[in-house]
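Taking it in order: structure first as structure tokens, then the write-up.
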Amino acid sequence: MDLKPDTQTPLSQVLAGKGRGTDTLSVPPDVTVAAAVEVLNRHLVGSVLVMEGGKLLGIFTERDILRRVVGERRDPATTRVADVMTRDLVVMRPTSSVVDAMRVISEKRIRHVPVVDGSTVVGVVSQGDLNHWLVRNREGQIQDLVDYVTGKYPA
Numbered sequence: 018m019d020l021k022p023d024t025q026t027p028l029s030q031v032l033a034g035k036g037r038g039t040d041t042l043s044v045p046p047d048v049t050v051a052a053a054v055e056v057l058n059r060h061l062v063g064s065v066l067v068m069e070g071g072k073l074l075g076i077f078t079e080r081d082i083l084r085r086v087v088g089e090r091r092d093p094a095t096t097r098v099a100d101v102m103t104r105d106l107v108v109m110r111p112t113s114s115v116v117d118a119m120r121v122i123s124e125k126r127i128r129h130v131p132v133v134d135g136s137t138v139v140g141v142v143s144q145g146d147l148n149h150w151l152v153r154n155r156e157g158q159i160q161d162l163v164d165y166v167t168g169k170y171p172a
């Protein structure tokens, strides 16, 4: 019976299990906040990467909208994402573990972390992604234990 701690799972595996394909949502820095919000709403996500020419410049999140757009009474139709995005990025590697990502998310009080391999963005993991990963894997472990106790587990 394999009860490998799922908190040591690499983020590359979490990204592979997200089921949304390998495309990472991004917008260019000169797009308006209103257009970026349309992307967030269309895809039912809380963040979008801000990229130009394959280079990661920042991340635009729901929190940015609340604090830097609504809170500062900026017009979403004319404000550029580059003016309100989060520039001071926290990123992780694909080999980083789930527990490492959870620690960073908790300590930095953020919800979305870009995962980069060198200078290449390979995806974004969110607090929700990590919670979903842990719950799904705990359910499997619980079923394995029940099967083991009831004699149904393969020998």
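Read in order, the letters of the sequence shown are residues 18 to 172 in this note's numbering. We put the CB at the ideal spot given by N, CA and C, even for glycine.
Shortest alpha-carbon distance to residue i belongs to which of the options?
i	options	result
Ser64	Asp134, Val44, Leu151, Pro111	Val44
Gly75	Val101, Asp92, Arg90, Val54	Val101
Arg120	Asn148, Arg104, Thr103	Asn148
Leu73	Val163, Val108, Leu151	Val108
Leu83	Arg110, Ser114, Ala51	Ala51
Ile127	Val139, Arg80, Tyr165	Arg80
Val86	Thr49, Gly145, Gly71, Val142	Thr49
Gln30	Thr95, Arg104, Arg110	Arg110
Ile122	Thr95, Gly71, Val142	Val142
Gln144	Leu57, Val62, Asn58	Val62
Thr95	Ala53, Tyr165, Asp105, Asn58	Ala53
Check for me: the beta strand (DSSP E) holding residue i runs from which residue to which?
i	result
Leu73	72-78
Thr137	137-143
Asp134	129-134
Where does residue i sit, in a helix, a strand or coil, going by DSSP?
i	result
Asp81	helix
Val44	strand
Leu61	coil
Val152	helix
Gly38	Unreliable positioning characterises Gly38 in this predicted model, as indicated by a pLDDT of 47, which lies under 50. A coordinate reading is not provided.
Arg97	strand
Gly168	coil
Leu66	strand
Val121	helix
Ala51	helix
Alpha helix (DSSP H) containing residue i: first to last residue?
i	result
Ser114	That residue, Ser114, is in no alpha helix (DSSP H); it is neither H nor E in DSSP.
Val31	28-33
If I'm right that residue i touches residue j with Cβ under 8 Å, what's the distance once you round it to whole angstroms?
i	j	result
Pro46	Ala99	4 Å
Leu42	Val138	Leu42 to Val138, Cβ: 11 Å. No contact.
Ser114	Thr24	7 Å
Discussion item. Quick check: the stretch 134-149 against the stretch 91-98, are at least 3 beta-carbon pairs closer than 8 Å?
Written reply: no
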